[in-house]
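Asker: Provided herewith is a single structure, encoded as C-alpha cells, for subsequent inquiry.
Protein chains: 2
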Amino acid sequence: MRSSTARRRATIVDVASAAGVSRQTVSNVLNFPDRVRPRTRDRVLAEVDRLGYRPSTAARGLRNQRAGAVGLELNLPTCGSDIGPLVLGALTARAPAHDVHLVPFGDAHVFPTVAAYRDMTRRHLVDAFVFADTHSGDPRPDWLLEHEIPFAAFGRLYSHPELTCWADVDGHRGLELAVEHLVDRGYATVGYLGWPLHLEDPAVAEDRHRGWVDAATGLGVAGPAGVTDQQLGPAVEAADALLNELGPGDAVACASDLIALAVLYAAARRGLAVGRDLGVVGFDGSLVARRHGLTTVVQPYEDLADHLLRTVHDQLLDGTVPVAGALLDPTLAPSSSTDRESELTSYTPVPAPTRR
Amino acid sequence: MRSSTARRRATIVDVASAAGVSRQTVSNVLNFPDRVRPRTRDRVLAEVDRLGYRPSTAARGLRNQRAGAVGLELNLPTCGSDIGPLVLGALTARAPAHDVHLVPFGDAHVFPTVAAYRDMTRRHLVDAFVFADTHSGDPRPDWLLEHEIPFAAFGRLYSHPELTCWADVDGHRGLELAVEHLVDRGYATVGYLGWPLHLEDPAVAEDRHRGWVDAATGLGVAGPAGVTDQQLGPAVEAADALLNELGPGDAVACASDLIALAVLYAAARRGLAVGRDLGVVGFDGSLVARRHGLTTVVQPYEDLADHLLRTVHDQLLDGTVPVAGALLDPTLAPSSSTDRESELTSYTPVPAPTRR
DNA sequence: CGGTGGGATTGGAACGTTCCAAGTTTGGTG
DNA sequence: CACCAAACTTGGAACGTTCCAATCCCACCG
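In order, the protein sequences belong to chains A and B.
Number 3 in this note's numbering belongs to position 23 of the first sequence; there are no gaps in the numbering.
Number 1 in this note's numbering belongs to position 21 of the second sequence; there are no gaps in the numbering.
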C-alpha cells in the first residue's frame, strides 16, 4: 500500500515547499493574487496544478468560521411539484459559480419546522438557507431573522411584506408573453384559467391573472376566465366550463402547465384539435409541458438561482439585503399547442421538441 | 451588538467548563458514552442541552479527515425523470440517520464527466459518491475505483458486472405484484408494454419483462406484449397496437408510469373506460401515477436510499463492500386504474388518493 | 553611503475537535 | 490501613487553513 505517498492529498505546505515559498504565500496566491509578485505567483500556480492541490473545505471552514454552504429545504410541496426538480437543478448548477455548495435537508413527509434549521446552524454545517413554499404563519422567516441567519426565499414572502430577500418569476410578464404569442399566432379570443385568489398564495395568482387581463384587454382579445386549484381532476372540470364560452380559433392561457394539461383533456373531450382549433399556453416550463407538446412560459430558473445565491452571499459578506424582492422575466417556449398546423390532442401527444 | 455573548455558538470548551469537566470528557460523552460514568455523563448532557451545543462539522471533519458528506450527482437524466425527485427526496430524508449530509452537484445540461468528482474529492468536500443512470462506457466507476473512493450506484452497474456496490428495485417482483393484483381484481388477460432489450439498460427491461412472463404464464393469463421507448408519443402508438389484441375485461401491465399513461391515452382513443373495461398498472410510484389515478408498483425509495448510504458508510468504515448488489422489493399502490367500479379515462382523471 | 519607505514574504497563533499517553480517582483486597 | 488495578479524567498535540504582526529585501533619495 502506497498510502503515505499517493494516498494523502496534497496540502498547502506541500505546495509551499515544492515552490520554495511559505504557506502564507501560497494562500495569498489563491486568495489575494495581487499581493504576490507575478514571478512567484506563476511558480506557485504551476505547483498547485502539478500536485492537484485544492484547499481543504473543512480547514478553511474552521479557520474562517464559515461553512461555504447553503442549506436547501426539500419538503413535500417542493419535492412533489413540477418545478421542484427544476429549481433544485438550477441551484445545483449555479452554486459553484457562487463559491458555495448546497446541503439539501428535510423530511419529504413532514411539514417544515425550524428544528432542522437550528440543528444545521449549530453544527456550523451551513451559513445560510434557501427555501420555497412559504405560507402564512410560516415560522421560518421569523426564526431566521431572530437568529440573524441569512436566507433567501424562492417565491414572495407575503407573510412578511417588509422583507426583500426573495426572488420570484414575473407572472404578469409571463402572461403578457403568453397572450402576445397567442395573438401573434392568430387566435381570436384568449381566455384564462388560473387559481382562485383565496388560495395559498394570492399574490402569485393575482399577478398572473392581472398579466392576462392587461395584455388581453390591451390587445382587445380578452375572453372568459376561470379558476381552479392545482389538481388535475377539478382543473379538467374548470377547463370544460371555460371551453363552453370559447369557440374554434380561440385560445386559453393558463397559470400552470398542469392546468394547461387539463385544458388539453377538456379539449379532447369535445373533439377540439389543440393547435389548429384551440391555442393553449401553460406556465412553468416543466417536464409535463415538454412531454405533452405544450407551449409554455418558462421560468428563468438559472437567473432565480443566481439571485437567491447572490442574496445570501451579500448578506454573509456585509449584511446587505436587496432593496426590493426580485421579479425575474420568464421566456416563452413555443410548441405544438399553439401551432395552427398541428392537431394536438391529449391522447396523441407529440414528442418533446429537440433540445437546443 | 451582543456579538460576543449571544452571537457566538457554544463550543466544546464552554460545555466542559459549564459542566466542570475537561474537553475530552465532553467529547467522550458524545462519541463513546460508555467511557464516562453515568453521573458525569448526565451532568454533561444537561449542559449540552442547556447550551444547545453541537460539534462543529468543520472541526470534526478536519480532525477526523472525513467530511461526513456524500456527493450526489444530479445530471440531466436524473433531474428530468419521474423518479429523480423521489430518489433525491428519500436520500435527503434518510441521510441524517446515517450521520451524513448530501452534497448535490452537477450541471443539468452537461453530460457527466469525472472532473467534478475529482474536484470535490480534492477539496475533501465529500467522502463518497452516489449516482444513478450508469451507462456503458461510463467513466465514473473506473475512475472512482482507481482512486479508491467509495461509491454506490442507484441501478445496476451493468458495465461492471463484477461490482456489487449498487441497489436497484426488483422489477421481476414488481411485475409479479402487478399481475397478481390484476388477476385478483378479475381481469381476464394481462398484456405487457415494456422497453426494447436493446435500449440503454437491457437488464432492467429484461427483468421487468420476465416478471410479467413468469407471473402471467404461471397464472394462465398471459396476453400480448409490446415494446416502446420512454417517450409519450411513440408509447401511445405502441399502446394502441397492443390494445388491438386485447378486449374488454383485459389488462396491461407496464414497465413505467409514463408508459401506463400512454395506455390510458390509447384506451381513451378507442373509448375504453380504464378500470371497468381495462386494467392498467404502471411502475415507479411517480407523481404522474398519483395525478392520473394510476395503480402503480412503487419503488422502495427509502429502502434504496438506506442501502446506498449504508453501502458507502461500510466502505468508509472498513472497506467492506456488499457480497452482491441489492434488489429491493417494491410494493403495489392500488388506485382507480384497476378499480372495476371506476370509469377512468385519460381526460377525466380522478383526484389523487388521499394520503395515508 | 546611510536612511527610508513600501511591497513581498514569513512564522506564530488560532479556529474546534479527537487521539494519545499520562494522570487521578475509585473501590476492592490483603 | 496500605496497596493495586480498573475506571475515569486530563492536557498536549495535531488536522489544514488564514489572519496578524513582524521581518526582509530592494530601489530610491538625500
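No residue lacks a Cβ here, since even glycine has one placed at the ideal position from N, Cα and C.
Which word fits B:SER116, buried or exposed, when buried means at least 16 other C-beta atoms lie within 10 angstroms of its C-beta?
Answerer: What you label residue 116 of chain B is simply residue 136 of the second sequence in a count that begins at 1. Label assigned to B:SER116: exposed.
Asker: By the DSSP assignment, the alpha helix (DSSP H) with B:TYR245 in it spans what residues?
Answerer: On the second sequence, position 265 is the one that residue 245 of chain B refers to. Counting along the chain, the alpha helix (DSSP H) containing B:TYR245 begins and ends at 237 to 249.
Asker: What does a CB cutoff of less than 7 Å around B:GLY191 pick up in its chain, not counting 5 residues either side in sequence?
Answerer: The residue labelled residue 191 of chain B in the question sits at position 211 within the second sequence. Excluding positions up to five away in sequence, the list reads GLY151, HIS152, ARG153, GLY154, LEU155, GLU156.
Asker: Can you find at least 3 beta carbon pairs, one from the stretch 214 to 233 of chain B and one from the stretch 14 to 29 of chain B, that sit closer than 8 Å?
Answerer: The answer is no - the stretch 14 to 29 of chain B does not touch the stretch 214 to 233 of chain B, with fewer than three Cβ pairs under 8 Å.
Asker: Helix or strand or just coil, what does DSSP make of A:ALA90?
Answerer: Along the first sequence, one-based indexing puts residue 90 of chain A at 110. The sequence shown places Val at residue 90 of chain A, not Ala. The answer is coil: DSSP assigns A:VAL90 none of H, G, I, E or B.
Asker: DSSP three-state call for B:CYS59: helix, strand or coil?
Answerer: Numbered from its first residue, the second sequence carries residue 59 of chain B at position 79. It is helical.
Asker: Rounded to whole angstroms, what is the Cα-Cα separation between A:ASP62 and A:GLY51?
Answerer: Locating residue 62 of chain A in the first sequence gives position 82, where the first residue counts as 1. Locating residue 51 of chain A in the first sequence gives position 71, where the first residue counts as 1. Cα to Cα, the separation comes out at about 21 Å.
Asker: Using 8 Å as the threshold, is the stretch -10 to -1 of chain B in touch with the stretch 269 to 285 of chain A, meaning 3 or more CB pairs across them?
Answerer: The answer is no - the stretch 269 to 285 of chain A does not touch the stretch -10 to -1 of chain B, with fewer than three Cβ pairs under 8 Å.
Asker: Spatial neighbours of A:LEU137 within its chain, please: C-beta separation below 7 Å, excluding the five flanking residues on both sides.
Answerer: Locating residue 137 of chain A in the first sequence gives position 157, counting from the first residue. Excluding positions up to five away in sequence, the list reads THR114, PRO121, LEU143, TRP146.
Asker: Can you tell which of B:LEU173, B:GLY305, B:ASP319, B:VAL254 has its C-alpha closest to the C-alpha of B:PHE263?
Answerer: Start at 1 with the first residue of the second sequence, and residue 263 of chain B comes out as number 283. Of the candidates B:LEU173, B:GLY305, B:ASP319, B:VAL254, the one whose C-alpha sits nearest the C-alpha of B:PHE263 is B:LEU173.
Asker: Does the beta-carbon distance from A:VAL353 to A:ALA195 come in below 7 Å?
Answerer: One cannot answer for residue 353 of chain A here, as it falls past the ends of chain A, which runs -19 to 336.
Asker: State the CB to CB distance for the pair B:LEU238 and B:VAL268, rounded to an integer number of angstroms; the pair is presumed to be in contact (CB under 8 Å).
Answerer: Counted from its first residue, the second sequence places residue 238 of chain B at position 258. Counted from its first residue, the second sequence places residue 268 of chain B at position 288. Right, their Cβ atoms sit about 6 Å apart.
Asker: For B:SER36, return the contacting residues in chain A, with the cut-off set at a CB-CB distance below 8 Å.
Answerer: As a working note, residue 36 of chain B is residue 56 in the second sequence. Ordered by position in chain A, the residues that pass the 8 Å Cβ test against B:SER36 are LEU42, ARG103, HIS104.
Asker: Which of the residues in the stretch 106 to 134 of chain A, read from start to end, lie with their CB under 7 Å from any CB of chain B?
Answerer: So the list is empty, because no residue satisfies the distance condition.
Asker: Closer than 7 Å, CB to CB, is A:GLY206 near chain B or not?
Answerer: Counting from one through the first sequence, the residue named residue 206 of chain A turns up at place 226. Not closer than 7 Å to any Cβ of chain B, the Cβ of A:GLY206 fails to qualify, so no.
Asker: Give the residues of chain B in contact with A:ALA88, contact being defined as C-beta atoms less than 8 Å apart.
Answerer: One-based indexing of the first sequence puts residue 88 of chain A at position 108. Correct list: GLY69, ALA70, THR72, ALA73.
Asker: At the 7 Å Cβ level, is B:LEU212 part of the contact set with chain A, yes or no?
Answerer: Taking the first residue of the second sequence as position 1, residue 212 of chain B is located at position 232. Yes, its Cβ sits closer than 7 Å to a Cβ of chain A.
Asker: Which complete beta strand (DSSP E) runs does the stretch 63 to 116 of chain B hold, if anything under 3 residues is left out?
Answerer: Listed in chain order, they are 81 to 85, 108 to 112.
Asker: What does A:VAL83 reach in chain B if we use C-beta pairs closer than 9 Å?
Answerer: Residue numbering aside, residue 83 of chain A sits at position 103 when the first sequence is read from its first letter. Those are ALA49, HIS81, LEU82, VAL83, PRO84, listed as they occur along chain B.
Asker: A:ASP298 to A:THR291, Cα distance in whole Å?
Answerer: By one-based count along the first sequence, residue 298 of chain A stands at place 318. By one-based count along the first sequence, residue 291 of chain A stands at place 311. Distance between the alpha carbons of A:ASP298 and A:THR291: 11 Å.
Asker: Against chain B, does A:GLY255 count as a neighbour if the rule is that its beta carbon must be under 7 Å from one of theirs?
Answerer: Taking the first sequence and counting its residues from 1, one reaches residue 255 of chain A at position 275. With 7 Å as the cut-off, A:GLY255 does not count as an interface residue toward chain B.
Asker: Does the separation of the CB atoms of A:CYS59 and A:ALA39 fall below 7 Å?
Answerer: Taking the first sequence and counting its residues from 1, one reaches residue 59 of chain A at position 79. Taking the first sequence and counting its residues from 1, one reaches residue 39 of chain A at position 59. Result no, Cβ atoms of A:CYS59 and A:ALA39 do not sit closer than 7 Å.
Asker: Excluding the 5 residues preceding and the 5 following B:VAL(-5) in the sequence, name in chain order all residues of the same chain whose CB lies nearer than 8 Å to its CB.
Answerer: For the purposes of this step, residue -5 of chain B is identified with residue 15 of the second sequence, where counting begins at 1. Hits under 8 Å: VAL6, VAL24, GLU27, VAL28, LEU31, TYR33.
Asker: Could you work out which residues of chain B lie near A:PRO65, taking near to mean beta carbons separated by less than 7 Å?
Answerer: As a first step, residue 65 of chain A must be located in the first sequence, where it is residue number 85. Here the neighbours are CYS59, GLY64, PRO65.
Asker: For A:ASN224, does the count of other Cβ atoms within 10 angstroms reach 16, so buried, or fall short, so exposed?
Answerer: Reading the first sequence from its first residue, position 244 is the one you call residue 224 of chain A. Result: exposed.
Asker: Quick one: give me the first and last residue of the alpha helix (DSSP H) that B:TRP192 is part of.
Answerer: Numbered from its first residue, the second sequence carries residue 192 of chain B at position 212. Start and end: 182 to 198.
Asker: Whole angstroms are fine: how far does the CA of B:ARG103 sit from the CA of B:HIS293?
Answerer: The residue given as residue 293 of chain B occupies position 313 in the second sequence. The residue given as residue 103 of chain B occupies position 123 in the second sequence. Rounded to whole angstroms, B:HIS293 to B:ARG103 spans 19 Å at the Cα level.
Asker: Mind listing the chain A neighbours of B:ASP99? Cutoff is C-beta to C-beta under 8 Å, in chain order.
Answerer: Looking up residue 99 of chain B in the second sequence gives position 119. Here the neighbours are ARG34.
Asker: Applying the 10 Å Cβ sphere with the 16-neighbour rule, what's the burial state of B:LEU66?
Answerer: Position 86 of the second sequence, counting from 1, holds the residue named residue 66 of chain B. By the 10 Å Cβ count, B:LEU66 comes out buried.
Asker: Strictly under 7 Å for the Cβ-Cβ distance: is A:ARG153 near chain B by that measure?
Answerer: For the purposes of this step, residue 153 of chain A is identified with residue 173 of the first sequence, where counting begins at 1. False, the Cβ-Cβ gap to chain B never drops below 7 Å.
Asker: Just the C-alpha distance for B:SER322 and B:ALA246, rounded to the nearest angstrom, thanks.
Answerer: In the second sequence, the residue the question calls residue 322 of chain B occupies position 342. In the second sequence, the residue the question calls residue 246 of chain B occupies position 266. Cα-Cα distance, rounded: 17 Å.
Asker: Closer than 7 Å by C-beta to A:PRO76: which residues in its own chain qualify, once you throw out the five before and the five after it? Chain order, please.
Answerer: Locating residue 76 of chain A in the first sequence gives position 96, counting from the first residue. Nothing meets the Cβ criterion.
Asker: Checking contacts by CB at 7 Å: is A:ARG(-12) closer than that to chain B?
Answerer: The residue labelled residue -12 of chain A in the question sits at position 8 within the first sequence. Closer than 7 Å: no.
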